[in-house]
Amino acid sequence: MHIENIEYGPEKTGGMSQIAFILIVILTIVAAGLTGMLILKLIASEPSDASTRPFIEDIGILLAYLLFDMGAIIYLYVKGLLQDEYVTTLE
Amino acid sequence: MEDKITLTITRRKFTEILIGLVAVFFASGAIATILKYLWPESGAKGESTEVMIANVDEVPTGSVKKFMFNNKAAVLLHMPAGFRAFGSICTHLGCIAYWKPDENILFCPCHLGKFDPNTGTVVSGPPPSPLPAIDIIVKEGAIYALKWKDPEYVKTISYYAGAA
Amino acid sequence: MSLSEKLYAWFDERLKLSELLPPIVKHPAPEKVTSNPLYCLGGTAFLCFLILVLTGIFLAMYYKPTPVEAYNSVKRIMTEVPMGSLIRSIHHWAANTMIAAVMLHMMRIYFMGAYKKPRELNWVVGVSLLLITTTFGFSGYLLPWDQLAFWATKIGTGIAGSVPVMGGYISLILVGGTDIGAETLTRFYAIHVLILPATIVVLLLLHFLMVRLQGISGRL
Numbered sequence: 266m267h268i269e270n271i272e273y274g275p276e277k278t279g280g281m282s283q284i285a286f287i288l289i290v291i292l293t294i295v296a297a298g299l300t301g302m303l304i305l306k307l308i309a310s311e312p313s314d315a316s317t318r319p320f321i322e323d324i325g326i327l328l329a330y331l332l333f334d335m336g337a338i339i340y341l342y343v344k345g346l347l348q349d350e351y352v353t354t355l356e
Numbered sequence: 002m003e004d005k006i007t008l009t010i011t012r013r014k015f016t017e018i019l020i021g022l023v024a025v026f027f028a029s030g031a032i033a034t035i036l037k038y039l040w041p042e043s044g045a046k047g048e049s050t051e052v053m054i055a056n057v058d059e060v061p062t063g064s065v066k067k068f069m070f071n072n073k074a075a076v077l078l079h080m081p082a083g084f085r086a087f088g089s090i091c092t093h094l095g096c097i098a099y100w101k102p103d104e105n106i107l108f109c110p111c112h113l114g115k116f117d118p119n120t121g122t123v124v125s126g127p128p129p130s131p132l133p134a135i136d137i138i139v140k141e142g143a144i145y146a147l148k149w150k151d152p153e154y155v156k157t158i159s160y161y162a163g164a165a
Numbered sequence: 088m089s090l091s092e093k094l095y096a097w098f099d100e101r102l103k104l105s106e107l108l109p110p111i112v113k114h115p116a117p118e119k120v121t122s123n124p125l126y127c128l129g130g131t132a133f134l135c136f137l138i139l140v141l142t143g144i145f146l147a148m149y150y151k152p153t154p155v156e157a158y159n160s161v162k163r164i165m166t167e168v169p170m171g172s173l174i175r176s177i178h179h180w181a182a183n184t185m186i187a188a189v190m191l192h193m194m195r196i197y198f199m200g201a202y203k204k205p206r207e208l209n210w211v212v213g214v215s216l217l218l219i220t221t222t223f224g225f226s227g228y229l230l231p232w233d234q235l236a237f238w239a240t241k242i243g244t245g246i247a248g249s250v251p252v253m254g255g256y257i258s259l260i261l262v263g264g265t266d267i268g269a270e271t272l273t274r275f276y277a278i279h280v281l282i283l284p285a286t287i288v289v290l291l292l293l294h295f296l297m298v299r300l301q302g303i304s305g306r307l
């Protein structure tokens with residue numbers, strides 16, 4: 266089996282998909298904010314502070330938030346914007 | 002005929018572009034952190050504290066003592082006119098100049114640069130600027146190196162990077 | 088079937104050797120060049136590289152990359168380790184031979200016009216390989232931590248630092264600070280043993296792939 270082509274169907278329409286889209290945009294801004302906080306924390310820290318346990322835990326928490334944020338974006342994207350099935354031609 | 006330019010962008014495409022931007026932002030953060038890791042730490046150079054070079058009796062007239070000043074090679078000379086101290090890294094290309102008593106000069110062997118031992122100025126050869134002088138003080142029978150006489154000048158010499 | 092034929096058949100059934108090997112092994116060469124030694128220069132460089140990798144691995148077993156131990160570990164390799172002086176000397180001479188071979192190879196490619204279409208990209212990869220080879224030499228030169236090594240590195244990093252805008256930063260990252268010291272030794276060792284070998288393997292793969300695909304060029 267060789268997947269030749271993936272075609273998406275037309276976007277879903279309706280109120281729910283609009284809400285999903287707006288939520289996605291908001292979540293992406295949140296993701297950008299989290300990433301910014303991460304970068305700031307890493308770059309502006311002294312090595313002696315950055316190797317302490319609380320610091321590393323804070324980074325971990327930010328990463329976890331980012332992960333769930335991206336998860337939510339992906340869920341809303343697939344369920345809210347894409348069709349329920351997409352067409353693939355199989356060879 | 003209608004003169005309209007229409008730009009269509011689907012929500013899907015917009016979302017994908019947004020997520021792409023966040024991904025690029027994240028990647029730049031990763032790169033910034035890696036650069037921070039690789040960057041050498043700047044040795045915290047505060048005010049240079051007094052460094053004892055030698056006791057007065059160890060350096061009779063006409064002799065020299067090599068010492069380290071702010072991690073750079075330096076030399077103390079006992080000239081007829083008094084004690085002198087200079088950074089001994091040649092300003093031409095960074096080799097170490099040494100005391101040559103027969104010619105009464107500080108001599109750099111790499112490209113034959115010669116410096117005056119009383120003032121540090123260039124006597125002959127390719128060095129473009131004098132050796133930087135070090136302020137010294139003699140107290141209680143010992144000679145101490147205090148600071149560069151002209152730290153701004155030292156900052157302009159690349160071979161003394163980090164010393165001022 | 089003889090033993091070797093049986094072995095080959097065993098592998099062939101599992102790895103499709105009779106489909107894989109002939110395109111790699113049977114490569115056409117232009118007529119009249121099969122006996123010209125100039126065409127051997129690239130292979131000579133590669134052979135030297137393999138020797139360098141092998142002797143380098145053996146040297147890495149005894150060399151210690153700290154300012155306190157470096158010189159003594161090299162001295163130990165030369166005087167106390169069995170065959171140590173032979174391995175270090177082979178490493179030294181293979182390095183010099185590789186640089187000579189690579190430069191001569193480049194010259195023969197240039198003068199025979201073997202960089203022209205469709206081989207332009209291969210020339211680019213080749214020049215990158217040249218730069219990596221010289222960087223190998225430069226980074227390895229510091230490792231014995233003697234006067235020759237120290238001052239050669241001082242000159243080299245001084246040149247790198249004299250580049251107009253980026254010079255100060257390049258020098259800072261190479262040297263690991265303002266003065267050549269322990270950080271420099273460690274960085275150069277990492278470059279020589281980890282970063283450059285990985286890079287040169289990738290580039291060599293590309294180089295050989297293109298030679299196979301494009302074939303050896305006939306004269307001019």
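Chains as they are written, first to last, in my numbering: chain W, 266 to 356; chain G, 2 to 165; chain X, 88 to 307. Beta carbons: idealized from backbone N, C-alpha and C, even for Gly.
From which residue to which residue does the alpha helix (DSSP H) around residue i run?
i	result
M53 of chain G	No alpha helix (DSSP H) contains M53 of chain G, which is instead part of the beta strand (DSSP E) from 52 to 56.
M335 of chain W	318 to 341
Y95 of chain X	90 to 102
K37 of chain G	12 to 39
L137 of chain X	128 to 147
To the nearest angstrom, report how far apart residue i and residue j are at their CA atoms.
i	j	result
V140 of chain X	S215 of chain X	19 Å
P110 of chain X	I196 of chain X	24 Å
G173 of chain G	V57 of chain G	It is not possible to answer for residue 173 of chain G, since the shown part of chain G is limited to 2 through 165.
P115 of chain X	G302 of chain X	7 Å
P117 of chain X	V280 of chain X	38 Å
K140 of chain G	L78 of chain G	16 Å
T16 of chain G	A31 of chain G	23 Å
I54 of chain G	T317 of chain W	41 Å
C111 of chain G	I246 of chain X	16 Å
K204 of chain X	V211 of chain X	12 Å
Y38 of chain G	A315 of chain W	12 Å
N105 of chain G	Y154 of chain G	25 Å
F26 of chain G	L291 of chain X	33 Å
M194 of chain X	W238 of chain X	30 Å
F198 of chain X	E207 of chain X	14 Å
At what residues does the beta strand (DSSP E) containing residue i begin and finish?
i	result
C1 of chain G	No answer is possible for residue 1 of chain G: the residues shown for chain G start at 2 and end at 165.
M80 of chain G	73 to 80
G136 of chain G	Sequence inspection shows Asp at residue 136 of chain G; the Gly mentioned does not correspond to that position. D136 of chain G -> beta strand (DSSP E) spans 135 to 140.
V123 of chain G	123 to 125
K277 of chain W	Looking at the DSSP string, K277 of chain W is not in any beta strand (DSSP E), and its letter there is neither H nor E.
Taking the beta carbon of residue i as the centre, do at least 16 other beta carbons fall within 10 Å, making it buried, or is it exposed?
i	result
V112 of chain X	exposed
K241 of chain X	buried
R101 of chain X	exposed
H178 of chain X	buried
F333 of chain W	exposed
P312 of chain W	exposed
R299 of chain X	exposed
V289 of chain X	exposed
W149 of chain G	buried
G227 of chain X	buried
P152 of chain G	exposed
Is it the case that the Cβ atoms of residue i and residue j are separated by a distance below 7 Å?
i	j	result
A164 of chain G	K66 of chain G	no
T92 of chain G	I137 of chain G	no
Y150 of chain X	D233 of chain X	no
L147 of chain G	F87 of chain G	no
I359 of chain W	A28 of chain G	Because chain W spans 266 through 356 in this model, residue 359 of chain W falls outside it and cannot be assessed.
Y330 of chain W	L299 of chain W	yes
Y161 of chain G	G95 of chain G	no
T273 of chain X	P154 of chain X	no
P41 of chain G	G254 of chain X	no
D99 of chain X	S105 of chain X	yes
M185 of chain X	C135 of chain X	yes
L288 of chain W	L341 of chain W	yes
T278 of chain W	V23 of chain G	no
L346 of chain W	R12 of chain G	yes
T286 of chain X	I219 of chain X	yes
G114 of chain G	P102 of chain G	no
A82 of chain G	S89 of chain G	no
A132 of chain X	A188 of chain X	yes
F225 of chain X	L283 of chain X	no
A201 of chain X	S304 of chain X	yes
Quick one: list the residues of chain A neighbouring residue i, beta-carbon separation under 7 Å, in chain order.
i	result
T265 of chain X	Judged by its chain identifiers, the structure shown contains no chain A, and its protein chains are W, G and X.
Sequence ranges, alpha helix (DSSP H) only - wholly within the stretch 163 to 236 of chain X, length at least 4:
171 to 198, 207 to 229
Pick out the complete alpha helix (DSSP H) segments inside the stretch 243 to 282 of chain X, 4 residues or longer, and give them in chain order.
254 to 262, 269 to 277
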